[in-house]
Amino acid sequence: MISISGAYQTRFGELWDKSLEDLILEAAVGALADARLNKNKIDLVIVANMLAEQNHLGALASQLLGLNSVPAIRVEAACASGGVALHQAVTAIKAGEANHVLVIGAEKMTDKNNGAIAQALMGAAGIEECQAGLTFVGLYALMARVYFEKFKATKNDLAYVAIKNHRHASKNPKAQYPFPVELETVLKSSCVASPLHLFDCSPITDGAAAVVVSNEPAAVAITASQIASDSVSLTERESLTELKATKIASQKAYEQAGIKSNDIDLAEVHDCFSIAEIMAVEDLGFCKKGEGFKKIKSGEFDHDGRLPVNLSGGLKACGHPVGATGIKQIVELVTQLRGEAGQRQIKKPQIGLAHNVGGSGATAAIHILRRA
Amino acid sequence: MKSAVQVWRRQKTNYQNLGKTGVVISKTRIIEAPNGFVGPYWVVMVKLDKNNRVVGQWADEAEPKIGMKTVGVLRRIGEADPTGVIEYGVKWKQL
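Residue numbers (our numbering), protein chains in the order written: chain E, 1384 to 1755; chain V, 22 to 116.
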């Protein structure tokens, strides 16, 4: 059995006094302590990160922890770096190359200004998209506009994603924005790339999260780990109103876990922008195509709804330190499945799903966890 | 930062949609621009007559509308960067 034996998340936010090294170390030590595992038992270290100017992060993490000779690598798949890193850990264990893998996702974003971050994130996009002066908000804005036309949704429909995720984050002390927001605040926020406004966008965040993946039983088992890819350029996609990589990775994951989408008790989905969560709940099979915005508005994915989505606050309100996000999603699921989520705990969940996307949909990583 | 060689190499592909026509299928007004660009400006996704899609900046006074017929025209791409290299490519305007 492959399990998550330890999990830890740092606070997310504008952490001016913390360096990337500080964040990596805090998350790693936290996950090891949670696993009650001697660090010398770790036989592989994987660091998920997208934007660091400091390279060689695998060896650096190993050095910070005083793990001298273990294999240590960095994994980069844009905002899906965390999910892909976890998939690599599972693959290494299945191959018999490791028994305890430490996976750390970390990102330090506030050292760069907004224009530099926008430019750096576009490193995950196609060259012609960069030449068009697009940003990641812009790419999702292009998808949102097509979605609006096709399914008769409006800008106001998007607002309920932020309202739900902020409400969830208000019960998460590690969230960047642990407070609820009103409809009027969301609607009146400034435009970033039309039709997407500030509250449609995940923020710039510092933070880290880490898990220990073990080849032995623990409280939470990994029952599926799948990744899929699609074209980096949005223009090359089959459809502009769905992410094919999400559909394929999730279908394979449901098959691997031997479950259907309606067996899921809670999910952390990749809401980098409001439209992304709407497409995600559809592509994951939680509702029909074109109905995601209605179901979010009606409360189906709320804390007390049929299938709670983004109880951590999601990328929108918990924060989105890009390399850390995929691991933070796992930490949230583990916390819920163990019944340790305090104020935001839902009643005895058995199965959780994490959905982590890179770029405008070129990579999707899906993990399904089950209470053992 | 752009390198002169990179811009020179891209010339082979930068003009391939010059004079081509298509229809605007999506649009966004970029307010928060990345480094190398000065916002706000419109970016459109165009479905070309041969059915493939492209993205590019809108280079017309009139606001782009979904369904509008458009043609690719030669324009400067982004700002001249500190090396002084100016890149040219295709933007889109109403046909």
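Ideal Cβ positions, reconstructed from N, Cα and C, are used throughout, including at glycine.
DSSP three-state assignment for K68(V), whether helix, strand or coil: DSSP places K68(V) in strand when its eight states are reduced to three.
DSSP state of F1531(E) mapped onto helix, strand, coil: In the structure shown, F1531(E) adopts helical secondary structure according to DSSP, grouped into three states.
Element boundaries [alpha helix (DSSP H), containing T1537(E)]: Run containing T1537(E): none; DSSP gives neither H nor E here.
Proximal chain V residues relative to E1436(E), where beta-carbon distance stays under 9 Å: Residues of chain V whose Cβ lies closer than 9 Å to the Cβ of E1436(E) do not exist; the shortest such Cβ separation is about 14 Å.
Spatial neighbours of K1672(E) in its chain, beta-carbon cut-off 6 Å, leaving aside the 5 residues before and after: For K1672(E), where only same-chain residues beyond five positions count, the Cβ hits under 6 Å are E1665.
Residue-chain proximity (R1689(E), chain V), Cβ-Cβ < 9 Å: It does not: the Cβ of R1689(E) has no partner Cβ on chain V nearer than 9 Å.
Contact residues within the stretch 48 to 70 of chain V, judged by C-beta distance below 7 Å to chain E: Near chain E, meaning a CB-to-CB distance below 7 Å, the residues of the stretch 48 to 70 of chain V are K48, T49, R50, I51, I52, E53, A54, P55, N56, G57, F58, Y62, V64 and M66.
Straight-line gap, A101(V) to A1524(E) (C-alpha atoms, nearest Å): Near 26 Å, if we compare the C-alpha coordinates of A1524(E) and A101(V).
Cβ-based neighbour list, N1496(E), same chain, cut-off 7 Å, excluding 5 preceding and 5 following: Close CB contacts of N1496(E) within its chain, under the 7 Å cut and outside five residues either way in sequence, are absent.
Rounded C-alpha distance that separates A1592(E) from K1711(E): Between A1592(E) and K1711(E), the C-alpha separation is close to 5 Å.
Cβ-based contacts, 7 Å cut-off: residues of the stretch 1567 to 1585 of chain E near chain V: The stretch 1567 to 1585 of chain E vs chain V, Cβ under 7 Å: C1574, V1575, A1576 and S1577.
Segment contact flag, the stretch 1413 to 1424 of chain E with the stretch 1470 to 1487 of chain E, C-beta cutoff 8 Å, min 3 pairs: Contact annotation: the stretch 1413 to 1424 of chain E touches the stretch 1470 to 1487 of chain E, with at least three C-beta pairs closer than 8 Å.
Chain E contact residues for R74(V), given Cβ-Cβ distances below 7 Å: What R74(V) touches in chain E: T1618.
Cβ of Q78(V) within 9 Å of any chain E Cβ: For Q78(V), a Cβ of chain E is located within less than 9 Å of the residue's own Cβ.
Pairwise C-alpha distance: I1734(E) and D1646(E): One C-alpha to the other measures close to 7 Å.
Length of the line joining the Cα atoms of L1716(E) and T1618(E): Going by the C-alpha atoms only, they are around 34 Å apart.
Neighbour list for E1512(E) in chain V, Cβ cutoff strictly below 8 Å: Going along chain V in sequence order, the residues near E1512(E) (Cβ under 8 Å) are V76.
Beta-carbon spacing of P1454(E), D1494(E) below 9 Å: The answer is no: Cβ separation not under 9 Å.
Residues that DSSP places opposite L1580(E) in a beta bridge: Rather than Leu, the amino acid found at residue 1580(E) in this sequence is His. Its beta-bridge partners are C1574(E).
G1675(E) versus M1662(E) - alpha carbon distance: Cα atoms of G1675(E) and M1662(E): separation of roughly 7 Å, rounded to the nearest angstrom.
Residue-level contact to chain E via CB, I107(V), 9 Å cutoff: Answer no: the Cβ-Cβ gap between I107(V) and chain E never drops below 9 Å.
Which listed residue (H1703(E), A1748(E) and P1691(E)) has its alpha carbon closest to that of Q1728(E): Residue P1691(E) is the option with its Cα nearest to Q1728(E).
Within-9 Å CB hit, R31(V) to chain E: Closer than 9 Å: yes.
Integer Cβ distance of G77(V) from V44(V), believed to fall under 8 Å: About 13 Å; that fails the 8 Å criterion.
Where E1715(E) sits in the DSSP three-state scheme: E1715(E): helix per DSSP, three-state reduction.
Rounded straight-line distance, which links the Cα of G1682(E) to that of V75(V): Using only the alpha carbons, I get a separation of about 37 Å.
Inter-residue Cα distance where the pair is V92(V) and D70(V): When rounded, the distance between both Cα atoms is 10 Å.
Residue-chain proximity (G93(V), chain E), Cβ-Cβ < 9 Å: It does not; no Cβ of chain E falls within 9 Å.
C-beta contact flag for T49(V) and V64(V) at 9 Å: Going by C-beta atoms, T49(V) is nearer than 9 Å to V64(V).
D1589(E) - DSSP class collapsed to helix/strand/coil: DSSP places D1589(E) within a strand segment (E or B) once states are collapsed to three.
Any non-hydrogen atom of the ligand FAD within 8 Å of R50(V) CB: What this structure holds is no ligand at all, so the ligand FAD is not there to describe.
Whole-angstrom distance between S24(V) and S1445(E), CA atom to CA atom: Whole-angstrom Cα-Cα distance: 36 Å.
Given F1669(E) as reference, the closest of E1397(E), G1697(E), Y1637(E) and L1440(E) once Cα atoms are compared: Per the Cα distances, Y1637(E).
Closer than 9 Å to chain V by CB, A1542(E): So, not an interface residue.
Cβ distance (whole Å) where L1420(E) is taken to contact G1389(E) below 8 Å: Rounded, the Cβ-Cβ distance is 6 Å, consistent with contact.
Touching by the beta-carbon criterion (3+ pairs, under 8 Å), the stretch 55 to 62 of chain V and the stretch 1734 to 1749 of chain E: Contact between the stretch 55 to 62 of chain V and the stretch 1734 to 1749 of chain E is absent, with fewer than three C-beta pairs closer than 8 Å.
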